[in-house]
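Visitor: Residue numbers (this note's numbering), protein chains in the order written: chain A, 1 to 159; chain B, 1001 to 1100.
By construction, the Cβ of each residue, glycine as well, lies at the ideal position given by its N, Cα and C atoms.
Provided herewith is a single structure, encoded as structure tokens, for subsequent inquiry.
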Amino acid sequence: MLPFLTLIADIDEPIGEKTIFTKIPFGKIIATIQSKRFREPQTFEFLIDSGTSFTTLLPYHVLSSEINCDYLPTASKPCFVANGQPIYPKLLYDVNISINSYFQGKRGEENFVLPFIHLMPPNTQQVLPRTLSLLGMDVLRNFSSWHWDYRTYQLFLNK
Amino acid sequence: MKSKGKDRGKKDMPLLVERRTSSSVLFDEREKLRLDYRWISARRATLAKQYPNKYVAVKDSTVILAEESPYTLLAKLKALGYKPNNVAVEFVTEQPICFV
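If you want it as structure tokens, here you go:
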């Protein structure tokens, strides 16, 4: 029985030849986003990304949620992606993120009310290689203890 | 209704309606989606051989579509009556994928 309020993410790792870029396992979790801009709650798969300050919806999810980015404001400061390229994301204000949680054997739902999240609109000229978005430190900072369990391939985020 | 006077020709703002869904329904939706993503993870190598360089859509542990373009995949999912975000979709390839 889990003594803390816990979120459980699944550990995954890329296939193929192991290189310096691909050998690192990562955590994935499913979360639902509710916003006035969505007609109904939208559920997405997120990468647990402690290197991202703000939760970010990446192009595939922006496409699949059918949100019209033309009506959204653009951030005044750029985000720098891992290759150093600056990108100005769109801002989605007043967002509620819900994630399945577990506390003392009971299942529940943990809600995070965020003033905004980032959206990266798709570039039709580029292939979208991955279909997951980024769960950033605006949510993850609430969880002080992380436990990677490679027997069950689960990542436990404890509050 | 036809707009009159100063509003004539103005583009209408999209209707934004938030439909409330109970948290237990959303809990089950997330759990089902998680199981489908786990199903893909466990079979990624096989799927990559079967559907190389394609976006694969999985619902209830079954491949329902595989397409080269995400735009085509989303259009077909909608045509089949699925909510795209309730279906697990992953690009499968035998090439190593970098996040960078």
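Please report how far the alpha carbon of Lys1054/B lies from the alpha carbon of Ala1045/B, in whole angstroms.
Guide: 13 Å
Visitor: Assign Gln42/A to buried or exposed, taking buried as 16 or more other Cβ atoms, counted over all protein chains shown, within 10 Å of its Cβ.
Guide: buried
Visitor: Are three or more beta carbon pairs between the segment 81-94 of chain A and the segment 34-48 of chain A nearer than 8 Å?
Guide: yes
Visitor: Compare the beta carbon distance of Leu47/A and Leu157/A with 7 Å and say whether it is the shorter of the two.
Guide: no
Visitor: Is Lys77/A buried or exposed, if buried means 16 or more other CB atoms sit within 10 Å of its CB?
Guide: Per the 10 Å Cβ criterion, exposed.
Visitor: Could one say the Cβ of Tyr1037/B lies closer than 7 Å to chain A's Cβ atoms, at least one of them?
Guide: yes
Visitor: Using 7 Å as the threshold, is the C-beta distance between Ile24/A and Ala9/A below it?
Guide: no
Visitor: Threshold first: 4 residues or longer. Then list the alpha helix (DSSP H) segments lying entirely within the segment 46-118 of chain A, N to C.
Guide: 59-64
Visitor: If you reduce the DSSP assignment to three classes, tell me which class Ser1003/B lands in.
Guide: With a pLDDT of 45 at Ser1003/B, under the threshold of 50, the modelled position of this residue cannot be trusted, and the question is left open.
Visitor: In the structure shown, what three-state DSSP assignment does Phe44/A receive?
Guide: strand
Visitor: Applying the 10 Å Cβ sphere with the 16-neighbour rule, what's the burial state of Phe80/A?
Guide: exposed
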